[in-house]
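S.K.:
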Amino acid sequence: MADATYDAIVIGGGTSGLTVANYLVKYGGLKTAIFEARPELGGGWGSEDLVPGFIANTHAAEVRRYYTLPLEWDFPLKERGFEFLEYPVARGTIFKEDLSSFCIYSPEADPSGERSAASLAKFSRRDADTWLWLTELYHRYIKDAVVKSLFNPPPPPGEPNPLEKLWLDLCKRWPERIDPAFLVRSELEIWRDLFENEAVIAALCRHVHSITGTSPDIPGGGAGRLFAILCMVADTGAWRGGTHSLAHIMSRIFVEAGGEFFTKSEVERVIIDNGRARGVRLVDGTEVKARQLVVSTLDPASLCFRLIGKEHLPFRLAQRVAHLDRWRICITWYGWAVHELPHYRTAESDPDIDRAGRLVLTRKDPLAMVKNHAWRRLGMMCPELNLCVWGHTSIDPTQAAEGKHALGSEDFVLPATSMSAEEWKEFKRKHAEDTVREWSHYAPNMTWDNVIGYLPLTPVDATNCANFGPEGCWAVIDMVPSQMGGCRPAPELAQHRTPIAGLYATGAGWHRGGGGSSTHGYNCYKVIARELNLGKPWEASDRPF
Amino acid sequence: MKYDVVIIGAGPNGLTAGAYLSKAGLKVLLVERRLESGGGLATEEITWPGFYHNTHAMYMMMVDFAPVYKDFPLEEKYKVSHIYPPLQVAMPGEGGWLCLYSDLERTCQSLARLSPKDAQSYRELYQEAKEQVEGFIAPATYVPAVSVLEQLPKLETSELGRRVVQYSEKSARQIIEERFENDRIKALLLYLACHWGVDPELEGIGYLPILYLNRATNCRLVVGGSHMVAQALGKIIHENHGLIINNLRVKRIVVKDGCAQGIELENGEFIGAEKAVLSTLDPHQTFLKLVGKENLEEEFVLKIEDWQWEKYSFFEVHLALKEPPAFTGAEQLPEVNQAFQYVLGYQTSQDIIDEYQTLSSGALPEKLGLGCSFPSVHDPSQAPAGRCTAVINLHAPYQLREGKDKWYSLKFKEELASRCLAVVEKYAANVREEMILQKYITTPLDMENKFLDMVQGSFKQGAYLPLQMGYLRPNDECSEIRTPIEKLCIGGASCYPGGLVIWGPGYLAANAIAEDAGVEKWWSEMDIVSQARQKGLL
Numbered sequence: 020m021a022d023a024t025y026d027a028i029v030i031g032g033g034t035s036g037l038t039v040a041n042y043l044v045k046y047g048g049l050k051t052a053i054f055e056a057r058p059e060l061g062g063g064w065g066s067e068d069l070v071p072g073f074i075a076n077t078h079a080a081e082v083r084r085y086y087t088l089p090l091e092w093d094f095p096l097k098e099r100g101f102e103f104l105e106y107p108v109a110r111g112t113i114f115k116e117d118l119s120s121f122c123i124y125s126p127e128a129d130p131s132g133e134r135s136a137a138s139l140a141k142f143s144r145r146d147a148d149t150w151l152w153l154t155e156l157y158h159r160y161i162k163d164a165v166v167k168s169l170f171n172p173p174p175p176p177g178e179p180n181p182l183e184k185l186w187l188d189l190c191k192r193w194p195e196r197i198d199p200a201f202l203v204r205s206e207l208e209i210w211r212d213l214f215e216n217e218a219v220i221a222a223l224c225r226h227v228h229s230i231t232g233t234s235p236d237i238p239g240g241g242a243g244r245l246f247a248i249l250c251m252v253a254d255t256g257a258w259r260g261g262t263h264s265l266a267h268i269m270s271r272i273f274v275e276a277g278g279e280f281f282t283k284s285e286v287e288r289v290i291i292d293n294g295r296a297r298g299v300r301l302v303d304g305t306e307v308k309a310r311q312l313v314v315s316t317l318d319p320a321s322l323c324f325r326l327i328g329k330e331h332l333p334f335r336l337a338q339r340v341a342h343l344d345r346w347r348i349c350i351t352w353y354g355w356a357v358h359e360l361p362h363y364r365t366a367e368s369d370p371d372i373d374r375a376g377r378l379v380l381t382r383k384d385p386l387a388m389v390k391n392h393a394w395r396r397l398g399m400m401c402p403e404l405n406l407c408v409w410g411h412t413s414i415d416p417t418q419a420a421e422g423k424h425a426l427g428s429e430d431f432v433l434p435a436t437s438m439s440a441e442e443w444k445e446f447k448r449k450h451a452e453d454t455v456r457e458w459s460h461y462a463p464n465m466t467w468d469n470v471i472g473y474l475p476l477t478p479v480d481a482t483n484c485a486n487f488g489p490e491g492c493w494a495v496i497d498m499v500p501s502q503m504g505g506c507r508p509a510p511e512l513a514q515h516r517t518p519i520a521g522l523y524a525t526g527a528g529w530h531r532g533g534g535g536s537s538t539h540g541y542n543c544y545k546v547i548a549r550e551l552n553l554g555k556p557w558e559a560s561d562r563p564f
Numbered sequence: 011m012k013y014d015v016v017i018i019g020a021g022p023n024g025l026t027a028g029a030y031l032s033k034a035g036l037k038v039l040l041v042e043r044r045l046e047s048g049g050g051l052a053t054e055e056i057t058w059p060g061f062y063h064n065t066h067a068m069y070m071m072m073v074d075f076a077p078v079y080k081d082f083p084l085e086e087k088y089k090v091s092h093i094y095p096p097l098q099v100a101m102p103g104e105g106g107w108l109c110l111y112s113d114l115e116r117t118c119q120s121l122a123r124l125s126p127k128d129a130q131s132y133r134e135l136y137q138e139a140k141e142q143v144e145g146f147i148a149p150a151t152y153v154p155a156v157s158v159l160e161q162l163p164k165l166e167t168s169e170l171g172r173r174v175v176q177y178s179e180k181s182a183r184q185i186i187e188e189r190f191e192n193d194r195i196k197a198l199l200l201y202l203a204c205h206w207g208v209d210p211e212l213e214g215i216g217y218l219p220i221l222y223l224n225r226a227t228n229c230r231l232v233v234g235g236s237h238m239v240a241q242a243l244g245k246i247i248h249e250n251h252g253l254i255i256n257n258l259r260v261k262r263i264v265v266k267d268g269c270a271q272g273i274e275l276e277n278g279e280f281i282g283a284e285k286a287v288l289s290t291l292d293p294h295q296t297f298l299k300l301v302g303k304e305n306l307e308e309e310f311v312l313k314i315e316d317w318q319w320e321k322y323s324f325f326e327v328h329l330a331l332k333e334p335p336a337f338t339g340a341e342q343l344p345e346v347n348q349a350f351q352y353v354l355g356y357q358t359s360q361d362i363i364d365e366y367q368t369l370s371s372g373a374l375p376e377k378l379g380l381g382c383s384f385p386s387v388h389d390p391s392q393a394p395a396g397r398c399t400a401v402i403n404l405h406a407p408y409q410l411r412e413g414k415d416k417w418y419s420l421k422f423k424e425e426l427a428s429r430c431l432a433v434v435e436k437y438a439a440n441v442r443e444e445m446i447l448q449k450y451i452t453t454p455l456d457m458e459n460k461f462l463d464m465v466q467g468s469f470k471q472g473a474y475l476p477l478q479m480g481y482l483r484p485n486d487e488c489s490e491i492r493t494p495i496e497k498l499c500i501g502g503a504s505c506y507p508g509g510l511v512i513w514g515p516g517y518l519a520a521n522a523i524a525e526d527a528g529v530e531k532w533w534s535e536m537d538i539v540s541q542a543r544q545k546g547l548l
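Sequence order for the protein chains is X and F.
Per our numbering, residue 20 is the first one in the first sequence, and the count goes up by one each step.
Per our numbering, residue 11 is the first one in the second sequence, and the count goes up by one each step.
1. Which two residues bound the contiguous alpha helix (DSSP H) that contains V274/X?
2. Would you mind working out which of I362/F, Q392/F and P385/F sits nearest L378/F, comparing C-alpha positions?
3. What ranges does the beta strand (DSSP E) occupy inside the stretch 383 to 423 of chain X, keeping only unbroken runs of at least 3 residues that lie completely in it?
4. Taking 9 Å as the cut-off, decide whether the C-beta atoms of I495/F and C204/F are in contact.
5. Measuring only the C-alpha atoms, how far is G282/F from V16/F?
6. Counting only beta-carbon atoms, is H388/F nearer than 9 Å to chain X?
7. Taking the alpha-carbon positions, what's the L231/F to A20/F distance?
8. Could one say the Cβ of S66/X lies closer than 9 Å to chain F's Cβ atoms, at least one of them?
9. On the criterion of 16 or more Cβ atoms from any shown chain inside 10 Å, does L518/F qualify as buried, or is it exposed?
10. Tell me the residue span of the alpha helix (DSSP H) that contains Y30/F.
11. When DSSP labels each residue in this structure, what does D468/X get in the three-state scheme?
12. Closest to W352/X by CA distance: which of A481/X, R562/X and A276/X is it?
13. Quick one: what's got a C-beta closer than 6 Å to I220/F's C-beta in the same chain, skipping five residues either side?
14. Three or more beta-carbon pairs under 8 Å between the stretch 425 to 437 of chain F and the stretch 402 to 415 of chain F, yes or no?
15. Taking Y523/X as part of the beta strand (DSSP E), name the residues at either end of that continuous run.
16. Consider the C-beta atom of A80/X and the heavy atoms of the ligand NAD; say whether any pair is separated by less than 8 Å.
17. Taking the CB atoms as reference points, tell me whether T77/X and V379/X lie closer together than 9 Å.
18. Please list the partners that L420/F has in chain X, where partner means a Cβ-to-Cβ separation under 8 Å.
19. Using the beta-carbon of each residue, which ones in chain X are nearer than 9 Å to T399/F?
20. List the whole-angstrom C-beta distance separating A548/X from G47/X, where the pair is believed to meet the contact cut-off of C-beta under 8 Å.
21. Mark L397/X as exposed unless 16 or more other C-beta atoms lie within 10 angstroms of its C-beta, in which case mark it buried.
22. Could you name the residues that DSSP lists as bridge partners for D292/X?
23. Tell me whether A27/F is buried or exposed, calling it buried when 16 or more other Cβ atoms sit within 10 Å of its Cβ.
24. Is there contact between the stretch 354 to 374 of chain X and the stretch 550 to 562 of chain X, where contact requires at least three CB pairs shorter than 8 Å?
25. Which residues does DSSP pair with S383/F in a beta bridge?
26. Using a beta-carbon distance cut-off of less than 8 Å, what residues from the stretch 48 to 61 of chain F approach chain X?
27. Give a yes or no on whether 9 Å exceeds the smallest Cβ distance from G261/X to chain F.
28. Which residues does DSSP list as the beta-bridge partners of L301/X?
29. Under the DSSP definition of a beta bridge, which residues are partnered with W355/X?
30. Out of H362/X, V499/X, S284/X and P385/X, which one is the CA nearest neighbour of S413/X?
31. Would you kindly work out how many angstroms separate the C-alpha atoms of D93/X and E275/X, rounded to a whole number?
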């Protein structure tokens, strides 16, 4: 490796790095190398044994079908054992006050939305009808536009993206239900424009919060907010075996195609010569040359202040990147090894609740998450839990020892930097106690007797991938409106180009944001392919992205 | 789908066979049930960010001999490197620290402080063990087993061979008791001779204590963790157009007319194997579950059913520590903070013997003895700056008197972990609860849950007993890799030469499969093997 030269160097072997590197090798025909700081590739596509034989998905715990859309077109994932497993009962909600509940079913299990609507009708007939309409809208018009907006670089700020364009069209057809104001209204306002029942709205706010990590009362957001809201209609699931499975598959396809990867090989700087990227220098001093390009998949701050250096940046860009928000998507993501799946009291009347993919346990308070953010903004933990729980073994038994189960629980907490290691240690223990106590209120069998072991992942633990650090923000940077689309992470970088010629950048800090999606790597390759005239598989095939 | 060779299991042996055979031009598929490949070559970030724990194979004991290191440019091309700590084993106690170094002279100096006679005895035993390992045991590890009837006459022709035979007849206890006088020295050496699952009083496998005593000062840590070796072998396989697929569950090995055709997955998919199916699993899974009794002779089935699992397994506590350990006595002898392995809690060789008996009865000793190690002291890349990884290994039975399910009890696990910690804290006062950021506890039952082939926590896929070793591992009909089923080979830890990441079974399987498939071996016989052959020992 020493003194080696490649056509393309990819910094970081996580979700985005593996995606862009595979395109560069296979469709760009470039001799490509990945340099990864950690001992293992995969980054956010990570899983660990929370207790031996029980899988915890350490970053992308929930996955969606669209995450791998281009990869499945362009690489032999299925032949390599890749499988997306869908939750037939995509989402469930149980309200703390009276243990009433409702379920939202997956598009496969409930194409017309009628089952979900019937469940919502327990709360409001009107809201059930709205759901049916939303489902139809999604399937007939929106789905393709969502994919188009995901798998293309975002338009510059001020210009509508494919989803927003469609939305503006649709507004003309149903002016009484939706209007262009949705593009600037807050999530909470949008829900209230559409729905009447405050409990349903509270539940939807908590569900969407798992996708945006943003307070429901923040205005604006355009397509980003619409996307998150419409995700409620869409699928949720797991990758068979665990999220890390895709990391293995993509790294092997890469090696087979002639790509080389180096773990425990942290890049210190991009070598810049006359404003052009010429290669990288590793922390051990090794210099590796890049004949054509370097791609960074690191977080925006590391890209700008470590790989490039402030001296190469315009003042305004440096200011913007230095002050990106990254405190909101700080999560506890506990993995639980248990004897049996939780059996909820509510299941007596609503049996499907036991099989819900993402189950929200919440109060009937639409402001619950707004308050959670208010506490955190003041540097304090929210005194109430706002749990979302799941159990991948209900659809994928391979993620636990035979006959046993692996569960997950999520809440939103302070960033890693807010407490000392000792304080986090204490918090981890207490949060486990609190979570089990709260959980057992809904599911009497979810007591400590049911628990074989647990892995307490917190924002501190998210920093195992440097991109998520130092705050432990699961989406690298927050997904507030001003940090989305053509502004993510800053307008100057959002098109995957940087102030340095030949240096491209992507990652979860770019357009569409957090989640183990191939979006970022794919879009970055699109930009590179256009500039360097490399292979464009999207042109050769008939697909909408 | 059709391949030349389908390998079941991507642990060290499956990866080894896969690497050799794919480089030989065969189209190889490895199917692995787990999400991660590497088997015991596992390095996991399971406590706190930046702490990497070797959750199974903690060190490599055959780096100086194993063919994989010679045949593949692991270090030059794949960045697999090792650390060989000068102070290999240390045991504190009355009269000061007992230290075993990679350097014989220093070891003898340390032992002489307790007993000059024992120091001299150690020197003699060390030389003998070294000669036996280098001259016979290590080379024999990498050639197919032959029957005792065939092997004995060869050994009888030389002085070295005769000594191997003499020792083989003895138990570990006899070997130690005959030579040594000091209780603590005897305890330490008996522990080292037996701690990978050898019954201290069992006669007939005395070459194992000799091997382990020799290897006790030849342990190397893989930089970045043991999994780095698995990663390198995986790369080699894919560079050579082999394929590893994880999360695949094999339903059966398809046998037709006494010949293996391939495998059927749990989803019903058939994957053909033109040249061979290689199972690296334990004998029960390979033959009883996957091949099926209907394809085997009754007598053979009985042999498989008689297979004995190990008497004890491991209870391990992995720690993310705020700082490296500070051991008592480091003021006088600072290097005791840098020992690779610590042996704690044993006073006499009787403690080791009693422990074995207690464990065999499904109980845990009242007074715990254990091993522990702090890998990041030697390889700082395994922990964040200034912090430290640790592992405590306690021998523990899978089948507790109260039943194996007791291992699921969080309370029981945590209490036992606290007892283990108390033993360590006695010698290293800063290894205590407040200094631990997080613990990760694993039990014998966990081991079985994680690796189906480690039945009842059998980390070597089956006990080391005279009737399960050498030519009899796993039995006389398939110790040479080939089995009564044509084109079905076996090559896991339950095969000759055995477990513990010694790179033997997978290498031997690669040789046998290459020979049977008629492909040219791109590798050559190792020098130590050729020399042993010349001397008539093999």
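Cβ coordinates follow ideal geometry from the N, Cα and C atoms, glycine included.
M.R.: In terms of the structure at hand:
1. Taking the first residue of the first sequence as position 1, residue 274/X is located at position 255. Start and end: H263 to E275.
2. Within the second sequence, numbered from 1, the residue matching residue 378/F stands at position 368. Closest by alpha carbon: I362/F.
3. 406 to 409
4. Looking up residue 495/F in the second sequence gives position 485. Looking up residue 204/F in the second sequence gives position 194. No; because the gap between Cβ atoms is not below 9 Å, this pair is not in contact.
5. For this step, residue 282/F is matched to residue 272 along the second sequence. For this step, residue 16/F is matched to residue 6 along the second sequence. Going from the Cα of G282/F to the Cα of V16/F covers about 8 Å.
6. As a position in the second sequence, residue 388/F is number 378, starting the count at 1. For H388/F, the answer is no, since every Cβ of chain X falls outside 9 Å of its Cβ.
7. On the second sequence, position 221 is the one that residue 231/F refers to. On the second sequence, position 10 is the one that residue 20/F refers to. Distance between the alpha carbons of L231/F and A20/F is about 21 Å.
8. Working through the first sequence from its first residue, we reach residue 66/X at position 47. Interface residue, yes.
9. By one-based count along the second sequence, residue 518/F stands at place 508. Buried.
10. In the second sequence, the residue the question calls residue 30/F occupies position 20. Taken as a continuous stretch (DSSP letters only), the alpha helix (DSSP H) holding Y30/F covers P22 to K33.
11. As a position in the first sequence, residue 468/X is number 449, starting the count at 1. Helix.
12. Residue numbering aside, residue 352/X sits at position 333 when the first sequence is read from its first letter. When each option's Cα is compared against that of W352/X, the closest is A481/X.
13. Here residue 220/F is taken as the residue at index 210 of the second sequence, counted from 1. Closer than 6 Å at the Cβ level, and outside the excluded window around I220/F, lie A139, Q142 and Y177.
14. Judged by Cβ distances under 8 Å, the stretch 425 to 437 of chain F makes contact with the stretch 402 to 415 of chain F, as three or more pairs qualify.
15. For the purposes of this step, residue 523/X is identified with residue 504 of the first sequence, where counting begins at 1. Unbroken beta strand (DSSP E) run through Y523/X: L522 to A524.
16. Of ligands this structure carries none, so the ligand NAD is not represented either.
17. Position 58 of the first sequence, counted from the first residue, corresponds to residue 77/X. Position 360 of the first sequence, counted from the first residue, corresponds to residue 379/X. Not in contact: T77/X and V379/X (Cβ atoms no closer than 9 Å).
18. Indexing the second sequence from 1 puts residue 420/F at position 410. W467, V470, I471 and G472, listed in chain order.
19. Within the second sequence, numbered from 1, the residue matching residue 399/F stands at position 389. What T399/F touches in chain X: nothing, since even the nearest Cβ is about 13 Å away.
20. Taking the first sequence and counting its residues from 1, one reaches residue 548/X at position 529. Taking the first sequence and counting its residues from 1, one reaches residue 47/X at position 28. Indeed, because the Cβ distance is near 7 Å, the residues count as touching under 8 Å.
21. What you label residue 397/X is simply residue 378 of the first sequence in a count that begins at 1. So L397/X ends up on the exposed side.
22. Translated into the one-based positions of the first sequence, residue 292/X becomes position 273. DSSP, once it has assigned bridges, lists R295/X as partnering D292/X.
23. Numbered from its first residue, the second sequence carries residue 27/F at position 17. Under this definition A27/F is a buried residue.
24. No: fewer than three Cβ pairs fall under 8 Å.
25. Here residue 383/F refers to the residue found at position 373 of the second sequence. According to DSSP, which records beta bridges pairwise, S383/F is partnered with V401/F.
26. T53, E54, E55, I56, W58, P59 and G60
27. The residue labelled residue 261/X in the question sits at position 242 within the first sequence. Closer than 9 Å to some Cβ of chain F, the Cβ of G261/X qualifies, so yes.
28. The residue labelled residue 301/X in the question sits at position 282 within the first sequence. Answer is V286/X.
29. Sequence index remark: in the first sequence, residue 355/X carries index 336 (1-based). In DSSP, W355/X forms a bridge with L426/X and Y473/X.
30. Counting from 1 along the first sequence, the entry for residue 413/X is found at position 394. The shortest Cα separation from S413/X among H362/X, V499/X, S284/X and P385/X belongs to H362/X.
31. Stepping through the first sequence from its first residue, residue 93/X is reached at position 74. Stepping through the first sequence from its first residue, residue 275/X is reached at position 256. Roughly 15 Å between the two C-alpha positions.
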